[in-house]
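Novice:
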Amino acid sequence: MSDATHCMIARPRPARRWLFRVVAVLLGLSVFGVAEAVCVVFDWGRPTQYDDPFVGFHRVQPLFVRDRGGRNYETAKSRRQFFARDAFPVRKGPDTFRAFCLGGSTVLGHPYWKETSFTTYLRMALEAAEPDRTWEVVNCGGVSYASYRLVPILEECLAYEPDLFIICTGHNEFLEERTYGEIQRASELLAAPRRVVFRMRMFTLLRQAVLNLSGRSPGREVDPHQTLKTEVDALLDYREGLKAYHRDDEWRAGVVAHYEFNLRRMIDLAENAGIPVILVRPPSNLCDAPPFKSEHRAGLTTGEGREWQSLVDAARAAYRPDLERAVELLRQAVEIDGQHAGLWYELGKCCETLAEREPLHAAEWRRQARDAFVAARDEDICPLRILSVMEAALARVADETDTPLVDAHALLEARARGGILGGPLLVDHVHPSPELGHPLIAGALAEEIERQGFVALPAGWAERRDRLSREHYASLDTLYFLRGERRLENLEAWTKGEADGPHIDERLPAAVSDEDWRQR
């Protein structure tokens, strides 16, 4: 046999060479798999047990402190600029069920107050079911509070013997100025792998080791510019704050990643303590809330801009004589620039009107209207409503952690005119109405609490619940609602960037003496 023939026989085939390479890679990766498994078995490197890799805080103050008599915890005076006053006993009774509701102003009951929040109605709903038990539903809703500011509150409340956490968050994630470094520059193709890596225990341990070797102490790994103030410092708290918002897809990606991280962290902290969690998808006004700021897509040429404007002008001229033609022209404009939030909202209103005019095709026009309204919300340059990608993250976290999710948006939208959520179930872009929206959310939460085995809802429960809610609502004086309307007017100015600093007197109800409050 010649040397050439021997070489031909001995040389591995290409397919075999690739097989060897694949096997070698898999063997190398298996080391990480084994290491990750060991971390899980010994509970090392749990991501939520380490500092937030996105932001830190200058200082964290307790939300609750003991009152003068030492018998109750109550909302600290220093926090009442953002939170309603609430209280609960230091010593929890043997037949007491204690739930903490965490979130933003939706939980608080803004622009009204705690008295008409779903937390108050939830307590009444539970009392209607089992009046012999003590039901404590503590309101931890903070004005402008985002998910990253709720984590320290949940950690604090773990010391107060909770039986349940209810978390409703998602509208306030874009209010404070912060950056996300390299995480926001990763392409969307890397979004899913990035989520996986950030949840790996090996990654968490390696990151902590690098921090320790670099001499940075726990809690100081965040860039100093990322250390947020003790309380919320929203961009819209300042005049012309709306000008600070511009299209930044990378920043949005970082905000969404941080939001999902915070959800997982809170669920993990509660699970470690053996406390169940219920998540709530917050409602958004789709059909009665125009986007707060619109911008054209990047790269739009002068010629494209002129054509876009010409189509929009022609559509507006056709609104009265030929609305279907107007819709067609608006869709052509969307083809040129599908990132202009105001254009999507205009298209949605046209389709909504056609649904009213053409009963035979109403369902299809409403579907198109809703799709357009959702696009308007998602393209809003100033996102004061939870985005679709965040709703997807919320659903994903609930599914992967087996956490119950109460869909408050779907609950209210099922009762909305035309099947698209707006008023009167919401009083503005996000806040449920005190008479209609909040009681519905409370009822859905009570039913979920029953599914968790904490309460039994007997026959006739809904009637008793509704009666108690109506009586409570009727007991509130006119001044309570006048204050709420005043806050609503101030809130509308705030969303337009017309505020000039955080006005404390506009956030709080009129002062109530300690003695009057204790007698309530």
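Numbering-wise, our numbering puts 107 at position 117 of the sequence shown, and it's gapless, one number per residue.
We put the CB at the ideal spot given by N, CA and C, even for glycine.
Determine the burial state of S68: buried for a count of at least 16 other Cβ atoms within 10 Å of its Cβ, exposed for fewer.
Specialist: By the 10 Å Cβ count, S68 comes out exposed.
Novice: Which complete beta strand (DSSP E) runs does the region 391 to 440 hold, if anything under 3 residues is left out?
Specialist: You should have 395 to 397.
Novice: Spell out a yes or no on whether the region 303 to 314 and the region 260 to 279 are touching, meaning 3 or more CB-CB pairs, one atom from each, closer than 8 Å.
Specialist: With the cut-off at 8 Å, the region 303 to 314 and the region 260 to 279 do not touch.
Novice: For the alpha helix (DSSP H) holding T65, just list the boundary residues, first then last.
Specialist: First-last for T65: N62 to T65, but that is the beta strand (DSSP E), not the alpha helix (DSSP H).
Novice: For a test of the three-state rule: what should DSSP assign to N252, helix, strand or coil?
Specialist: Of the three classes helix, strand and coil, the one that applies to N252 here is helix, per DSSP.
Novice: Along the beta strand (DSSP E) that carries F155, what are the first and last residues, could you check?
Specialist: That run of the beta strand (DSSP E) goes L154 to C158.
Novice: State yes or no: is the C-beta of C372 within less than 8 Å of the C-beta of Y235?
Specialist: Going by C-beta atoms, C372 is nearer than 8 Å to Y235.
Novice: Below 8 Å between beta carbons: does that hold for A436 and L98?
Specialist: No, the Cβ-Cβ distance between A436 and L98 is not below 8 Å.
Novice: Classify D76: buried if its beta carbon has 16 or more other beta carbons within 10 angstroms, exposed otherwise.
Specialist: Classification of D76: buried, given that the 10 Å Cβ count is 16 or more.
Novice: Do H419 and A279 have their C-beta atoms closer together than 8 Å?
Specialist: Going by C-beta atoms, H419 is nearer than 8 Å to A279.
Novice: Who pairs with E126 in a beta bridge, going by DSSP?
Specialist: E126 pairs with R88.
Novice: Taking only the alpha-carbon atoms, compute the straight-line gap between R455 and A119 and give it to the nearest angstrom.
Specialist: In a straight line, the C-alpha of R455 is about 8 Å away from that of A119.
Novice: What residues in its chain sit with their C-beta under 6 Å from that of L377, if we drop five residues either side in the sequence?
Specialist: D368.
Novice: Excluding sequence positions up to five away, which residues of its chain have a Cβ less than 8 Å from the Cβ of A388?
Specialist: So the qualifying residues of the chain are L269, P394 and L395.
Novice: Figure out for me which residue from A74, Y63 and T96 has the closest Cα to the Cα of V80.
Specialist: Answer by Cα proximity: Y63.
Novice: Which of the three DSSP states, helix, strand or coil, is assigned to G295?
Specialist: Correct three-state label for G295: helix.
Novice: Output the distance between the C-alpha atoms of I431 and L140, rounded to the nearest integer angstrom.
Specialist: Taking the straight line from one Cα to the other gives about 20 Å.
Novice: Assess, as a yes-or-no matter, whether the region 80 to 94 is touched by the region 124 to 132 under the definition of 3 or more beta carbon pairs within less than 8 Å.
Specialist: These segments touch.
Novice: Go ahead and pull the three-state DSSP assignment for A523.
Specialist: Residue 523 is absent from the structure shown; the chain starts at -9 and stops at 510.
Novice: K283: buried (16+ other C-beta within 10 angstroms of its C-beta) or exposed?
Specialist: Its Cβ being crowded by 16 or more others within 10 Å, K283 is buried.
Novice: Classify G93 as helix, strand or coil using the three-state DSSP reduction.
Specialist: Note: G93 maps to strand in three-state DSSP.
Novice: In its own chain, which residues sit with a C-beta less than 7 Å from the C-beta of K104, not counting the 5 before and 5 after it?
Specialist: The answer, listed in chain order, is A74, D76, L98, T110 and N129.
Novice: In chain order, what residues of the same chain have a beta carbon less than 8 Å from the beta carbon of W8, not counting five sequence neighbours either side?
Specialist: Hits under 8 Å: none found.
Novice: Just mark R441 as buried or exposed, buried being the case when its beta carbon has 16 or more other beta carbons within 10 Å.
Specialist: Classification of R441: exposed, given that the 10 Å Cβ count is below 16.
Novice: Quick one: what's got a C-beta closer than 7 Å to Q174's C-beta in the same chain, skipping five residues either side?
Specialist: Any answer about Q174 is weak, because its pLDDT of 41 lies below 50 and its placement is not dependable; what the coordinates show is given next. Here the set comprises E240, W241, A243 and G244.
Novice: Measure from the alpha carbon of D258 to the alpha carbon of each residue in R271, D392, P272 and A323, then state which is nearest.
Specialist: For D258, the nearest C-alpha among the options comes from D392.
Novice: Only counting the same chain, and skipping five residues up and downstream in sequence, which positions put a Cβ closer than 6 Å to that of L253?
Specialist: Correct list, in chain order: V387.
Novice: Under 8 Å, do E166 and R237 count as touching if we go by C-beta distance?
Specialist: For E166 and R237, no; Cβs fall outside 8 Å.
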